[in-house]
Amino acid sequence: DQQVKQNSPSLSVQEGRISILNCDYTNSMFDYFLWYKKYPAEGPTFLISISSIKDKNEDGRFTVFLNKSAKHLSLHIVPSQPGDSAVYFCAARGFQKLVFGTGTRLLVSP
Amino acid sequence: DAGVIQSPRHEVTEMGQEVTLRCKPISGHNSLFWYRQTMMRGLELLIYFNNNVPIDDSGMPEDRFSAKMPNASFSTLKIQPSEPRDSAVYFCASSGGTGLSNEQFFGPGTRLTVL
Chain A
7 DQQVKQNSPS LSVQEGRISI LNCDYTNSMF DYFLWYKKYP AEGPTFLISI
57 SSIKDKNEDG RFTVFLNKSA KHLSLHIVPS QPGDSAVYFC AARGFQKLVF
107 GTGTRLLVSP
Chain B
164 DAGVIQSPRH EVTEMGQEVT LRCKPISGHN SLFWYRQTMM RGLELLIYFN
214 NNVPIDDSGM PEDRFSAKMP NASFSTLKIQ PSEPRDSAVY FCASSGGTGL
264 SNEQFFGPGT RLTVL
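Going down the list, the protein sequences come from chains A and B.
Throughout the first sequence, residue numbering follows my numbering, covering 7 to 116 in sequence.
Throughout the second sequence, residue numbering follows my numbering, covering 164 to 278 in sequence.
As structure tokens, this is what we get:
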């Protein structure tokens, strides 16, 4: 029973365009959401987060949007760069745990 | 700071053998987490420790899996006996503060293959 779902296993975009990665969750008790980025042969690294009391958080090229009524969050990367090519994991915090999605592989082509 | 250190990076073993994965958290961090990554289920939390004490092991798949944290700088995840379905990448992560901090720092992972 996946409480955090990333329904797109992969996404391809061109350099300079916007990348939009989506994440859905089922548990309304989650109070904090995070995005992690993972390169091959490395562990995930923290990218950006958002509290459930907000609907938007921005950090440079990265913006996370939260729609609590739809139980949906998204990560926008603008402009996308080839170095952004990685697997992106969405995570939700609840009950003293982080629950991760299955990841979306982003490929940014020059 | 060396970050979270895991060993070995790769492990290939035969079904039925005992496997021990090791983790050294970031110095000063008091929470440690073990995760398993698979294609089907993504990153799953297996167990986490706070101040060397296991807080939640509900993610441990079955009795074949066990984890220990004898001190603040070392933890092990043991699988005995191992099975082919245990093949996955196992990550250790640590964080500072009490309980579950917002940011966890991950090690590079151990890729386990059970033949």
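Glycine included, C-beta positions come from ideal geometry on N, C-alpha and C.
If you're wondering where the values come from, they're calculated on a predicted model, not measured in any experiment.
Residues bridged to residue i [DSSP beta-bridge criterion]
i	result
T276 (chain B)	B:V175
A235 (chain B)	For A235 (chain B), which the question treats as bridged, DSSP gives no partner whatsoever.
E64 (chain A)	A:T69
Q20 (chain A)	A:S115
F101 (chain A)	In the DSSP output, where bridge partners are listed per residue, F101 (chain A) has none listed.
Beta-carbon separation (whole angstroms), residue i vs residue j, contact threshold 8 Å
i	j	result
V114 (chain A)	S16 (chain A)	So it is not a contact: roughly 12 Å between Cβ atoms.
V36 (chain A)	A98 (chain A)	Per the sequence shown, the amino acid found at residue 36 (chain A) is Phe instead of Val. Contact holds; Cβ gap of about 4 Å.
P171 (chain B)	E48 (chain A)	About 16 Å; that fails the 8 Å criterion.
L184 (chain B)	Y253 (chain B)	5 Å
S80 (chain A)	N28 (chain A)	5 Å
D30 (chain A)	K11 (chain A)	5 Å
V84 (chain A)	R67 (chain A)	6 Å
S257 (chain B)	K241 (chain B)	Between K241 (chain B) and S257 (chain B) the Cβ distance is about 19 Å, and since that is not below 8 Å, they are no contact.
L40 (chain A)	S55 (chain A)	4 Å
Y42 (chain A)	S58 (chain A)	So it is not a contact: roughly 18 Å between Cβ atoms.
L208 (chain B)	K103 (chain A)	6 Å
S75 (chain A)	E21 (chain A)	34 Å between Cβ atoms; not a contact.
Residue from the options with nearest C-alpha to residue i
i	options	result
G259 (chain B)	B:A235, B:L206, B:D220, B:L209	B:A235
R274 (chain B)	B:V175, B:I210, B:R248	B:V175
C110 (chain A)	A:Y38, A:Y45, A:E21	Note that residue 110 (chain A) is Thr in the sequence shown here, rather than Cys. Comparing Cα-Cα distances from T110 (chain A) to each of A:Y38, A:Y45, A:E21, the minimum goes to A:Y45.
C255 (chain B)	B:T276, B:E246, B:S245, B:M232	B:M232
I210 (chain B)	B:M202, B:R204, B:I242, B:W197	B:W197
E246 (chain B)	B:E181, B:V167, B:H173	B:E181
F95 (chain A)	A:E21, A:V70, A:K74, A:Q20	A:V70
Q9 (chain A)	B:R204, B:P188, B:I218	B:R204
T108 (chain A)	B:G166, B:Q267, B:T201	B:T201
N13 (chain A)	A:R23, A:K103, A:H78, A:K74	A:H78
M223 (chain B)	B:N213, B:L278, B:S190, B:R199	B:R199
A251 (chain B)	B:G191, B:P188, B:V277	B:V277
I218 (chain B)	A:S18, A:P116, A:V19, A:F101	A:F101
I168 (chain B)	B:Q243, B:D249, B:R227, B:T239	B:T239
V105 (chain A)	B:P188, B:S221, B:Q243	B:S221
Problem set entry | Members of the region 203–218 of chain B that neighbour chain A once the beta carbon cut-off is set at 8 Å | M203, R204, G205, L206, E207, L208, Y211, I218
Exercise. Going along the region 244–255 of chain B in order, which residues come within less than 8 Å of chain A, judged by CB to CB distance?
Worked result: Residues passing the 8 Å Cβ filter: F254.
Problem set entry | Members of the region 47–61 of chain A near chain B, C-beta cut-off 8 Å | A47, E48, G49, P50, T51, F52, S55
For this session: Output, in sequence order along the chain, the residues in the region 80–111 of chain A whose CB is closer than 7 Å to any CB in chain B.
Result: F95, R99, Q102, K103, L104, F106, G107, T108, G109
For this session: Select from the region 178–199 of chain B all residues with a C-beta closer than 7 Å to any C-beta belonging to chain A, and list them in chain order.
Result: none
Problem set entry | Entirely enclosed beta strand (DSSP E) segments - the region 26–99 of chain A, minimum 3 residues | 38–44, 51–57, 62–65, 68–73, 78–83
Problem set entry | beta strand (DSSP E) segments (min. 3 residues) lying fully within the region 181–235 of chain B | Qualifying beta strand (DSSP E) stretches, in chain order: 182–187, 194–201, 205–213, 216–219, 228–234.
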